[in-house]
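J.: Got a structure for you, questions after.
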Amino acid sequence: MAGQSTSPTSPASQTSAVAVIYFAILGIATTAFGLADLMVTASGSEFAYGILEIPNDIFRGGWGGLVVFFAGLLYLSGARNMGDIHQFAKVAMGSILIWIIAGCDIFAMITESIPGGEEGPWFNTLTGFIEAYAPPYAPAVLLLPFSLVVIYYVRKRVSGETRGGTSS
Amino acid sequence: MKLGVEERWDLIDRISKETVTFGVYRHTLKDAIGELTIKPMTGIPVAIAILYGFWSVFGSFAGFFTDGFFVRLFDAYWLPWLQAVFPGEGGWLYAIMVDAGGIESGEFVLSSNCLESFGVLTSGLFVAIGVVLPAILIFYLMLAILEDIGYMPRLAVLIDTMLHKIGLHGYAIVPTILSLGCNVPGVTATRILETKKQRFIMMTLLAIFIPCGAQIGIMQDVVPDLMGWILLYLIIGYFIFGYILNKVIPGRAPEFLIDVPPYRRPMLSNIGKKVLGRVKGFFMVALPFVMLGCAIVGVFYQLGVIRFLGDLLAPIFVGWFGVPAETAGPLVAAFLRKDLAVAQLSVIEMTKYQMITAVVLVSIYFPCVATFVMMLKEGLKELIGALAVLAVTVFLYGGLIHLIGKLLGVA
Amino acid sequence: MKILLMGHPNVGKSVFFNRLTGANVTESNYPGTTVDYTKGWMKIEGEDVELTDVPGTFSLDPKDRAEEVAVAMLHESKDVKVISVIDASKIERGLYLALEIIEEGYPLVIALNMRDVAEDKNILIDAENLERILGIPVVSTVAISGEGIKELVSRLKDAKPVKVDDIIANAAKTTITADAAGAGGAT
Numbered sequence: 021m022a023g024q025s026t027s028p029t030s031p032a033s034q035t036s037a038v039a040v041i042y043f044a045i046l047g048i049a050t051t052a053f054g055l056a057d058l059m060v061t062a063s064g065s066e067f068a069y070g071i072l073e074i075p076n077d078i079f080r081g082g083w084g085g086l087v088v089f090f091a092g093l094l095y096l097s098g099a100r101n102m103g104d105i106h107q108f109a110k111v112a113m114g115s116i117l118i119w120i121i122a123g124c125d126i127f128a129m130i131t132e133s134i135p136g137g138e139e140g141p142w143f144n145t146l147t148g149f150i151e152a153y154a155p156p157y158a159p160a161v162l163l164l165p166f167s168l169v170v171i172y173y174v175r176k177r178v179s180g181e182t183r184g185g186t187s188s
Numbered sequence: 244m245k246l247g248v249e250e251r252w253d254l255i256d257r258i259s260k261e262t263v264t265f266g267v268y269r270h271t272l273k274d275a276i277g278e279l280t281i282k283p284m285t286g287i288p289v290a291i292a293i294l295y296g297f298w299s300v301f302g303s304f305a306g307f308f309t310d311g312f313f314v315r316l317f318d319a320y321w322l323p324w325l326q327a328v329f330p331g332e333g334g335w336l337y338a339i340m341v342d343a344g345g346i347e348s349g350e351f352v353l354s355s356n357c358l359e360s361f362g363v364l365t366s367g368l369f370v371a372i373g374v375v376l377p378a379i380l381i382f383y384l385m386l387a388i389l390e391d392i393g394y395m396p397r398l399a400v401l402i403d404t405m406l407h408k409i410g411l412h413g414y415a416i417v418p419t420i421l422s423l424g425c426n427v428p429g430v431t432a433t434r435i436l437e438t439k440k441q442r443f444i445m446m447t448l449l450a451i452f453i454p455c456g457a458q459i460g461i462m463q464d465v466v467p468d469l470m471g472w473i474l475l476y477l478i479i480g481y482f483i484f485g486y487i488l489n490k491v492i493p494g495r496a497p498e499f500l501i502d503v504p505p506y507r508r509p510m511l512s513n514i515g516k517k518v519l520g521r522v523k524g525f526f527m528v529a530l531p532f533v534m535l536g537c538a539i540v541g542v543f544y545q546l547g548v549i550r551f552l553g554d555l556l557a558p559i560f561v562g563w564f565g566v567p568a569e570t571a572g573p574l575v576a577a578f579l580r581k582d583l584a585v586a587q588l589s590v591i592e593m594t595k596y597q598m599i600t601a602v603v604l605v606s607i608y609f610p611c612v613a614t615f616v617m618m619l620k621e622g623l624k625e626l627i628g629a630l631a632v633l634a635v636t637v638f639l640y641g642g643l644i645h646l647i648g649k650l651l652g653v654a
Numbered sequence: 404m405k406i407l408l409m410g411h412p413n414v415g416k417s418v419f420f421n422r423l424t425g426a427n428v429t430e431s432n433y434p435g436t437t438v439d440y441t442k443g444w445m446k447i448e449g450e451d452v453e454l455t456d457v458p459g460t461f462s463l464d465p466k467d468r469a470e471e472v473a474v475a476m477l478h479e480s481k482d483v484k485v486i487s488v489i490d491a492s493k494i495e496r497g498l499y500l501a502l503e504i505i506e507e508g509y510p511l512v513i514a515l516n517m518r519d520v521a522e523d524k525n526i527l528i529d530a531e532n533l534e535r536i537l538g539i540p541v542v543s544t545v546a547i548s549g550e551g552i553k554e555l556v557s558r559l560k561d562a563k564p565v566k567v568d569d570i571i572a573n574a575a576k577t578t579i580t581a582d583a584a585g586a587g588g589a590t
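Protein chains in written order, with this note's numbering: chain A, 21 to 188; chain B, 244 to 654; chain C, 404 to 590.
See the structure below:
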């Protein structure tokens, strides 16, 4: 396979153990959150703890939970031997999935926070507007800041790639 | 002088030896992600995520404009104002343009919202601007982003095996998705399919099973909790009838070869131009049809045509499809305006399953007039064939849905 | 005079068309976006010229309706010049179509588009040498960002019909000199 042809000594493929451990832990957490989403949705119960609230409707909890679960699997499968570009791509893809789910959650918050509701004024009050953004949050939103770490590694890799490109 | 195929390749070979140098090909992250989105193991989860994103943003955006602002604007301001200033309350022009009203305990009463009034200037405008405009805008915006990034061919490759079962190939996903916005460009896009057979299957399936942006918009507004079921029935129907058509229609269904382009950063200007162009195109076609359809439906109601047809067909609707007799009117009117028909259905009292059946029936009905004209342009013979398939399909699939409901004990 | 934009699907013909005419043809990153032709006007040295965005086709031997439209466009037009748009990262396949058009005696300019993608893949093309062998203008472009468009337009006047025999001769000449040089080095 083409992936194995990537030379292990190129600067881009050196990955610290820290990164591997980080994404492995993130992968476990993400998978667990995804499973929690699915289980809460399947049982039809409600779950909220601290700043965490697990959605239990078939769309956000079921479909969205499935995607979070996939993201976790991608992290786990990619974290091993992350120096390889194909492995690293899985980690990046895991983060992209989280961004899709979290992005949709946040977009929904924004669109719900602005109108005043059926009986109220045209626009929401300032308090109501701000309240819409208060916790608890869905798992994907909580995972969002942790998933952003991948950008640092992408940048590092891209600068490595260009250096490697000019030297060859 | 002309060369043979062999000679030509030979010459090209010599030319490229002279002029092209291939460096060592190294995978960039973009390439690796590109591959991940094509391999089924990773590609299918990604496709599921992208579909989720598409739907979620669609719902939030359409809900924001329609439920957040337009419903109130039309119901609380526009409708009462028109009801008050439009002359001749109770007359036929008033009924067609503003409000057909209803009879409550023997007295004529005005409607309280734009879904029940059925007027050209009330329901017609509300559906076109309040419901369909936001839906179509966000749909085309997201479609443009996916197109320009280069995701569509990857989706085509992923779904290729499944679409081969119905005589098509992965590329059929392009006309299918385009049709979710409007069936007119969808029908045009069938030209990328190779054989007559494929084009016929695709066009027929589009006209029958793919609801357009206007319908999806109105469904999202009036029956949001049933959307999933309705779409599921449509998708299942798409595959069942595609499979049958593939078996029945003679002709070839060749393999397809597709170039998967690299991912690209979308250009904002191109997306803007494309979305505006498509939305404009849709409204040039759709707005006159919504208004006109609304007017014709109104006239037919006034003349008693719809009631007559409704009474005539009611035994089929009630007995075969299992929907209440009151739906006969809207189901007949659906021949002209599917989106309005969905709106009309939403105010009739019935069980959830009957509602699902009725809305699915509306969707798989006769294609809208604009699509009809477009199909005629592509060939009269094909159009007649498609209509024959359509008639059979509506009858069989409507019955099948009823049967499934009975087996599940919900109908 | 008319100008036709021809090439494989998804090489950026519509992007060229929009750049050259200021029109709004739908552009997308997937093959088969254009299934019907679109006409527009552009100015070359003060003269109005009709430009046509032709649906993508792999060869002059059509495989589907969109390709039929493309081939019919070429054969039905009189006094045309063709801009052959080639994906620089897949140059061989693009040259196949270009050669077919050359063989039918149409004057041609080659736009080696998506140079950036080819560079990403570490493919380098000697455009000058290609121009010498083919005997027609060859311009490297990145249509999406507008690179090379001006040069392409200015070279349109140099488009002329060429004989395939000349191309074969040119290709053979360089091959021989290269072989001779190689042989000379070895001895």
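Glycine included, every Cβ here is placed at the ideal spot set by N, Cα and C.
Under 8 Å, Cβ to Cβ, is there at least one residue of chain B near Ile547(C)?
T.: To locate residue 547(C), count along the third sequence from 1; it is residue 144. Yes, contact with chain B.
J.: Per DSSP, what kind of secondary structure is Pro396(B) in: helix, strand or coil?
T.: Walking along the second sequence from the start, residue 396(B) turns up at place 153. If DSSP states are grouped into helix, strand and coil, Pro396(B) belongs with the helices.
J.: Do Thr61(A) and the ligand GTP come close, with the Cβ less than 7 Å from some heavy atom?
T.: What this structure holds is no ligand at all, so the ligand GTP is not there to describe.
J.: Taking the straight line between their C-alpha atoms, what separation do you get for Asp451(C) and Ala457(B)?
T.: Position 48 of the third sequence, counting from 1, holds the residue named residue 451(C). Position 214 of the second sequence, counting from 1, holds the residue named residue 457(B). Straight-line Cα distance between these residues: approximately 41 Å.
J.: Just to make sure I have the definition right: I need the residues of chain C whose C-beta is within less than 9 Å of the C-beta of Val616(B). Which are they?
T.: As a first step, residue 616(B) is located in the second sequence; it is residue number 373 there, counting from the start. Per Cβ cutoff of 9 Å: no residues; Val616(B) is ~16 Å from chain C at best.
J.: So if DSSP puts Asp451(C) in a beta bridge, which residue, or which two residues, is it bridged to?
T.: Residue numbering aside, residue 451(C) sits at position 48 when the third sequence is read from its first letter. Paired residues: Lys446(C).
J.: Tell me where the alpha helix (DSSP H) around Phe67(A) begins and ends.
T.: Residue mapping note: residue 67(A) aligns to position 47 of the first sequence, counting from 1. Not the alpha helix (DSSP H): Phe67(A) falls in the beta strand (DSSP E), residues Phe67 to Tyr69.
J.: Assuming Asn525(C) is part of the beta strand (DSSP E), what are its boundary residues?
T.: Within the third sequence, numbered from 1, the residue matching residue 525(C) stands at position 122. Neither: Asn525(C) is in no beta strand (DSSP E) and is coded neither H nor E.
J.: Relative to the alpha-carbon of Gly82(A), which residue among Leu93(A), Met102(A), Phe108(A) and Leu55(A) has its alpha-carbon at the smallest distance?
T.: Translated into the one-based positions of the first sequence, residue 82(A) becomes position 62. Nearest C-alpha to Gly82(A): Leu55(A).
J.: If we count Cβ pairs, one from each stretch, closer than 8 Å, do we get three or more for the stretch 638-650 of chain B versus the stretch 554-568 of chain B?
T.: With the cut-off at 8 Å, the stretch 638-650 of chain B and the stretch 554-568 of chain B touch.
J.: Would you verify that the beta carbon of Gly84(A) is, or is not, closer than 8 Å to some beta carbon of chain B?
T.: Residue 84(A) sits at position 64 when you count from the first residue of the first sequence. For Gly84(A), the answer is yes, since a Cβ of chain B falls inside 8 Å of its Cβ.
J.: If we define contact as Cβ-Cβ less than 8 Å, is Ser543(C) a contact residue for chain B?
T.: By one-based count along the third sequence, residue 543(C) stands at place 140. Answer no: the Cβ-Cβ gap between Ser543(C) and chain B never drops below 8 Å.
J.: Please name the residue, chosen from Ile116(A), Glu66(A), Leu72(A) and Gly47(A), that lies closest to Leu96(A) on a Cα-to-Cα basis.
T.: By 1-based counting over the first sequence, the position of residue 96(A) is 76. Checked all of Ile116(A), Glu66(A), Leu72(A) and Gly47(A); the closest Cα to Leu96(A) is Gly47(A).
J.: Taking only three categories from DSSP, how would you classify Asn516(C)?
T.: Looking up residue 516(C) in the third sequence gives position 113. Strand.
J.: According to DSSP, what are the bridge partners of Ser492(C)?
T.: As a working note, residue 492(C) is residue 89 in the third sequence. In DSSP, Ser492(C) forms no bridge with anything.
J.: Measuring straight from C-alpha to C-alpha, what distance separates Asp561(C) and Val472(C)?
T.: Numbered from its first residue, the third sequence carries residue 561(C) at position 158. Numbered from its first residue, the third sequence carries residue 472(C) at position 69. The alpha-carbon atoms of Asp561(C) and Val472(C) are separated by roughly 27 Å.
J.: Assuming Gly490(C) contacts Val414(C) (C-beta within less than 8 Å), just tell me the rounded distance between them.
T.: Counted from its first residue, the third sequence places residue 490(C) at position 87. Counted from its first residue, the third sequence places residue 414(C) at position 11. Note that residue 490(C) is Asp in the sequence shown, not Gly. Indeed they touch by this definition, with Cβ atoms about 4 Å apart.
J.: Pairs of beta-carbons, one from the stretch 59-70 of chain A and one from the stretch 104-112 of chain A, closer than 8 Å: are there three or more?
T.: No: the two stretches stay apart, fewer than three of their Cβ pairs being nearer than 8 Å.
J.: Taking Ala631(B) as the reference, give the member of Val653(B), Glu250(B), Leu398(B) and Tyr608(B) with the closest Cα.
T.: For the purposes of this step, residue 631(B) is taken as residue 388 along the second sequence, with counting starting at 1. With distances taken between Cα atoms, Ala631(B) lies closest to Tyr608(B).
J.: Shorter than 8 Å from the beta carbon of Thr186(A) to some beta carbon of chain B?
T.: The residue labelled residue 186(A) in the question sits at position 166 within the first sequence. In this prediction, Thr186(A) has a pLDDT of 39, which is less than 50 and means its spatial position is unreliable; what the coordinates show is noted afterwards. No - not a single Cβ of chain B is within 8 Å of the one on Thr186(A).
J.: Under 8 Å Cβ to Cβ from Met510(B), same chain only, skipping five residues before and after it: list those, please.
T.: By 1-based counting over the second sequence, the position of residue 510(B) is 267. So the list reads Asp391, once near-sequence residues are dropped.
J.: For Val161(A) versus Ile126(A), is the C-beta distance shorter than 8 Å?
T.: Mapped onto the first sequence, residue 161(A) falls at position 141. Mapped onto the first sequence, residue 126(A) falls at position 106. Taking 8 Å as the Cβ cut-off, Val161(A) and Ile126(A) qualify as a contacting pair.
J.: List the residues of chain B that Leu87(A) touches, going by C-beta distances under 8 Å, in chain order.
T.: Sequence index remark: in the first sequence, residue 87(A) carries index 67 (1-based). Note on identity: in this sequence residue 87(A) is Val, with Leu being the wrong assignment. Per Cβ cutoff of 8 Å: Pro288, Ile291, Ala292 and Tyr295.
J.: Going by beta carbon distance, what residues of the same chain come within less than 7 Å of Ile78(A), once the five residues before and after it are set aside?
T.: What you label residue 78(A) is simply residue 58 of the first sequence in a count that begins at 1. Thr61.
J.: What are the residues that DSSP puts in a beta bridge with Met409(C)?
T.: In the third sequence, the residue the question calls residue 409(C) occupies position 6. For Met409(C), which the question treats as bridged, DSSP gives the partners Ser487(C).
J.: Go to Leu72(A), then tell me how far its beta strand (DSSP E) extends in each direction, as first and last residue.
T.: Working through the first sequence from its first residue, we reach residue 72(A) at position 52. Segment Leu72 to Ile74, the beta strand (DSSP E) holding Leu72(A).
J.: From Ser557(C) to Asp318(B), what distance separates their C-alpha atoms?
T.: Looking up residue 557(C) in the third sequence gives position 154. Looking up residue 318(B) in the second sequence gives position 75. Roughly 60 Å separates the two Cα atoms.
J.: Using the three-state DSSP reduction, which class does Pro135(A) fall into: helix, strand or coil?
T.: Within the first sequence, numbered from 1, the residue matching residue 135(A) stands at position 115. DSSP places Pro135(A) in strand when its eight states are reduced to three.
J.: Kindly list, in the order they appear in chain B, the residues whose Cβ is closer than 8 Å to that of Ala574(C).
T.: If you number the third sequence from 1, residue 574(C) lands on position 171. Result: Leu254, Arg257, Ile258 and Glu261.
J.: Compare the C-beta of Arg518(C) with all C-beta atoms of chain B and state if any pair is closer than 8 Å.
T.: In the third sequence, the residue the question calls residue 518(C) occupies position 115. Judged by the 8 Å Cβ criterion, Arg518(C) is not in contact with chain B.
J.: Using the C-alpha atoms, what's the distance from Gly538(C) back to Ala584(C)?
T.: As a working mapping, residue 584(C) is identified with position 181 in the third sequence. As a working mapping, residue 538(C) is identified with position 135 in the third sequence. Caution applies to Ala584(C), whose pLDDT of 48 falls short of 50 and renders its modelled position unreliable; the value that the coordinates give is listed next. Going by the C-alpha atoms only, they are around 23 Å apart.
J.: Say whether chain B places a C-beta atom closer than 8 Å to the C-beta of Tyr499(C).
T.: By one-based count along the third sequence, residue 499(C) stands at place 96. It does; some Cβ of chain B falls within 8 Å.
J.: Give the list of continuous alpha helix (DSSP H) stretches no shorter than 4 residues that lie fully inside the stretch 532-591 of chain B.
T.: Qualifying alpha helix (DSSP H) stretches, in chain order: 548-558, 571-576 and 581-589.
J.: Buried or exposed for Arg521(B), going by 16 or more other Cβ atoms inside 10 Å?
T.: The sequence position of residue 521(B) within the second sequence is 278, counting from 1. Buried is the call here.
J.: For Leu678(B), which residues of its own chain have a beta-carbon under 7 Å away from its beta-carbon, when the five flanking residues on both sides are left out?
T.: Because residue 678(B) is not part of the residues shown, which for chain B are 244 to 654, the question remains open.
J.: Cα-Cα, which of Ala576(B), Leu246(B), Thr594(B) and Leu386(B) is closest to Lys516(B)?
T.: Translated into positions along the second sequence, residue 516(B) becomes position 273. If we check each option's Cα against that of Lys516(B), Leu386(B) comes out closest.
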